[in-house]
Every structure is written in structure tokens, then in C-alpha cells.
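Following: one structure in C-alpha cells, then a few remarks.
2 protein chains.
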Amino acid sequence: MSLSELQLAPKSGGSRALATILAHSILSGRWGSGDLFPRELDLCEHFGVSRNRVRNALAELTSNGLIERTAGRGTVVRPLEEWNLLDPQMSEWMAGLEAPHPQLVREVFAFRLSAEPFIGELAALSATDQDLANIERAFEGMCDSAADPARREEHAEHDVAFHDAIYRASHNLVWRQMGRLLRPAIIALIQRSHHQADSLADSLERHRQLLDAIRLRQPEAAREATERVLERTAADLGLDPDGRKVRRPAALSP
Amino acid sequence: MSLSELQLAPKSGGSRALATILAHSILSGRWGSGDLFPRELDLCEHFGVSRNRVRNALAELTSNGLIERTAGRGTVVRPLEEWNLLDPQMSEWMAGLEAPHPQLVREVFAFRLSAEPFIGELAALSATDQDLANIERAFEGMCDSAADPARREEHAEHDVAFHDAIYRASHNLVWRQMGRLLRPAIIALIQRSHHQADSLADSLERHRQLLDAIRLRQPEAAREATERVLERTAADLGLDPDGRKVRRPAALSP
DNA sequence: TTGCGGTAAATATCTGACATTAAGTAGGGT
DNA sequence: ACCCTACTTAATGTCAGATATTTACCGCAA
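Protein chains in written order, with the numbering used here: chain A, 72 to 325; chain B, 72 to 325.
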């Protein structure tokens, strides 16, 4: 309910940095839906910046649906359901978050669980040689950085690149933009799981099978391979892959 | 390359109105990728508003990826591929556009064509009684307003509500937010098609079959019914439902 | 209780000045 | 001739203060 411990690093220029701090305070669940956000002047005083920067930062939060501002009333925090999850700025904020809102993690993963098998099919149908090369290069990066536990985040970046290349292989702008959800989801993953060596090897093997299915243009195999990759991911996240609100379309399986 | 004929209505307050005008000028393709956008002071003079409002409007365009601004260089228009299609603000702008960028229409429709059959499945699996009631009410609204050609836009709103209710029936935040693409897509539809009486009756019948499939919890039937609805839509739009870059996953069909 | 007006509090906007960044340009040294 | 520096210019970014507008709240009277 307060921003007492929040601080703006001394030389961090731009209203961007301030917006990030404020966004993180909301994304991590510090404020409840409907709570009154601090007034502009309080923020000015607390962070020692001009009203202009505060207003710019708040405008950015507004455009992402995190807050709602009306003259005379003040600034209130909007409910999580109305946050603008698909904005790239939001993805960036979520990725930089140490402890994201639990419901957020669940919702995004539930989406991946329902959508990615289908995207795997699309990729197997539409991938060009260039797409395949991209996927392959990302996979090799994953393999290369897998051995050294000190390169966890590099590994995560290759992981993101792998799945993002699959989204891009759909060759549709909308699907492609959804791929931005991957980064926060996967960053959250490596921060939560302990990355046992055997779990990692297993994960790699499942990724390889997905790559092969796409390379061989086998949509159905790609769908199943994606499901197995996500099973592994769910286990690493400590989530139950079944029993979510969004179930996999089991009726599709022959 | 110029904004000569663009005008801001006299009493339209808020930087919102200005942002809408500028956004429309970009979304309709008036400026090419990489073009220099007018300078702040020129915009101030042309529209007769303060620099502050211009800056707020431009900030909104920036947050949606339409433009990129750097001190010293100026404001340049970003390529269509980097526009932020999934932002609700963008959907609103696109919906209010008389002549949207043709590639935009194609991309969004290609997405619907690939995703909505799948969403239909999800809805058939996860819809609650409340969801069903929402879908049904929207359908009745469509039927009610179908007879009178003077109520075209009311009909379109019910059409949007129908499909949006299906997106919502997936009970996942991410899918739900994608439903915002529907409004611009469907508004564009009624502005292009001539809405022959028989085509409208046919469309209604296909919607009814989709509703029934969801009500009976038959995912596969829902998928096929959605495909048929979109076939009708493609015909009304004058698009070829096959041969797009994103094909339907035909391999799924038994 | 309801309706009206007044006051306070918050955000929205205007104005003008200054700071920062980036690109181009002229000049001097090698 | 070439490169490097310093200056100029032009654009966006930031600051500060004053004013306008909206909203909520309170007192008061019909």
C-alpha cells in the first residue's frame, strides 16, 4: 500500500526508468485492484523528479491498462483482468520482475499450453528454410550453453529464441507478436526451477524432437512434440499440466 | 507525405483526439516506413494546439510502435511489422478507420482464419452456462437486427459480441484479449461487403450452427462450424480463404 | 430526503525556458 | 587529400510555474 522502500537509482535518466519501477510495484501485486495510487506530487517528492516525468511515467502505465486516471479523483489501480498483457512493454516489465504475480504466471502458461501445440502445427506447415535455420541455430545455442550452470540466462535466451522462431514461422503478424509473451514466461521459468542436470537433458531432447518434426513438415508430430516440451516445462515450473481452466483439445487426438 | 487536409475538430478536447487523427493517418498508409513525421512545432501550428498536447499524442503513438522518436533526429514512422497490433488502443483506431491498410486487413483475417476454429474448440470444451447465455443473446441480437438494412452497424456490434463471447469462453486472459481484434475486423467487413439479403441469411445460419455445436459441447463440430462461418466472411470480404500464407491445419481433419 | 451551491483536491493543460542529443559543417593539423 | 575536433543547427527531452477543468465532499435550505 506504500512505496516506502522503492527507490529510483540516482542517475537513471528518462521517465522510462520511473515507469518501470512503478509498473513492477503493480505487477508484483503490491497494490490491490481499485486501490488509490499515490498522487503525482507525492511521487515527485518521493523520487525527487519533476512532475513532468511522473506524468509521463503514469501515462505509460495508463496506456497499458495498469491504472486509470481521472481528473479530480486521482489514480486507481485497475484489476488484473484488464491489464494489457499483449503489449511488448508489458512483456519487458514482466520479464524483469523477480516475483511476478502468481495468477499472471498461471494465465500465461495456460495460454502457451493451449496455443503452442497449434502453433507448432502451423510452423510445420509454413516454415521456410530460413525459419528452419533460425530454429536450428537457437537449438544449437541451447545445447552449447546447457553444460555450464553459470550460463543459465544465456541458455534461457536461446530457449526464448527457439520458441520465438517457431512463432515467427507461422508467417503471420499477429501470431508473431504473441511470441513476445515467451520471454517473461521463460525467464520466470529459470528463476523458479533448479535446473537439475537430468531435467535439462530431458528438456533438450524434447526440443530436438520438436525441431525434427518441423523440419520433416509433420504437423501432427509437431503438435505432440510441443505438448511434450510443455509437459517438461510444467514440471520444472511445479505446475500441474492438466486440470487448468483451459484444457488441451483432447478431442483432436485420433 | 503531408497532413494538409487533416483537421482537428474545433472543440474536440484531450490529446486523445489528436492522437486518433495522427494514428489514422499512419494506419491508412499515408506515410511510408521510415518517412520523417512532421516536427512537433509544425504539428502545433497546423492543429492550433499547444506543444504539450502534441507531445502527449505522439507519446501515445510511440507506445503503440507506430513511430520512433529520438532527440536531434526527429520522428520517423516505423514499419508495419513492428506495429503493436494487439494493443486495445490500436484496435480502436483500426475500427474507426474508413480505409485501413490492406495488408493489415489481410493479416488480421489470416489470423482469425487460423486461430478461431481452434478457439471454437476451446469454447466448446470450457464454456459455462453464463458463456452460453452471452453467446446466445448476441446471436438473438444478430437475428433481430438482420432484417432492417438501416441497422447494419447494430448488427455488426452483435456480431462482434458473438465472437467475443466465444473468445471469452476460453476462460483465459490471453485469448480473451485477442478478441479485441474482432471489432476492427468486423467493422471493416460491413463497410466492404454489400450485405445481400441472402448472404446475410446464410451467415446467420452458419452462426447458429456454431452456437449449437458449442452448446452441445462438441469441439470438433465447433471447429468445423467456425470454419464455415469464416468461409462466409471471406466471401463477403472478397478474399480467397485458401492460398494465404497461414493455411489451416488441414492435416488435423480426419 | 433531496437538491443546490461552495470549497477543496486532484489531474489536465498551457506557456516559456533550458538541457540533451544527433547531424552537419568548417577549420586546422598531419 | 585525409581525419579529427569544435562549433552550429535543429530537433526532441526536461524542468518549473501558472491556470483550467473535473470530481468528490460538505453544508445548507426547501
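We put the CB at the ideal spot given by N, CA and C, even for glycine.
- Using a Cβ-Cβ cut-off of 7 Å, A/TRP246 is close to PHE182 of chain B, given in chain order.
- By a beta-carbon distance limit of 8 Å, B/ALA195 contacts B/ARG288. Their separation comes to about 5 Å.
- For B/VAL148, the nearest beta carbon of chain A is not closer than 8 Å to its own beta carbon.
- Residues are counted here when their Cβ sits less than 9 Å from a Cβ of chain B; for the region 193–205 of chain A these are LEU193, ALA195, LEU196, SER197, given in chain order.
- Think of a sphere of 9 Å around the beta carbon of A/ALA130: the chain B residues whose beta carbon falls inside it are ASN127, ALA130, GLU131, SER134, in chain order.
- Note that the region 84–95 of chain B touches the region 162–176 of chain B; at least 3 beta-carbon pairs, one per stretch, sit closer than 8 Å.
- Between the region 175–192 of chain B and the region 291–306 of chain B, the count of Cβ pairs shorter than 8 Å is three or higher; the stretches touch.
- Boundaries of the beta strand (DSSP E) around A/GLU139: 138–141.
- Between the region 131–149 of chain A and the region 230–245 of chain B, the count of Cβ pairs shorter than 8 Å is below three; the stretches do not touch.
- Residue state for A/GLY145 is assigned as strand, using DSSP reduced to three classes.
- Here the C-alpha atom of A/THR91 lies approximately 48 Å from the C-alpha atom of B/ALA221.
- Taking CB atoms only, B/LEU281 has no neighbour in chain A less than 8 Å away.
- Contact with chain B is found for A/LEU157, since one of that chain's Cβ atoms lies less than 8 Å from the residue's Cβ.
- With respect to chain A, the C-beta atom of B/VAL231 has no partner C-beta closer than 8 Å.
- Where B/VAL176 is concerned, the enclosing alpha helix (DSSP H) starts and stops at 173–197.
- The region 174–182 of chain A makes contact with the region 243–259 of chain A; the number of CB pairs closer than 8 Å reaches 3 or more.
- DSSP, reduced to helix, strand and coil, places A/LEU281 within a helical segment of the structure shown.
- Distance from the Cα of A/ILE237 is smallest, within the candidate group A/MET213, A/ALA293, A/PHE182, A/ALA227, for A/ALA293.
- Following the DSSP letters along the chain, one finds A/LEU112 inside the alpha helix (DSSP H) bounded by residues 111–118.
- Between the alpha carbons of B/GLY119 and B/ALA88 lies a gap of roughly 13 Å.
- Chain A has no Cβ within less than 8 Å of the Cβ of B/SER162.
- Residues SER86, LEU89, ALA90, LEU93 of the same chain have their beta carbon placed closer than 7 Å to that of B/ALA128, with the five preceding and five following residues left out of the count.
- Straight through space, the alpha carbons of B/TRP246 and B/LEU112 are spaced by roughly 41 Å.
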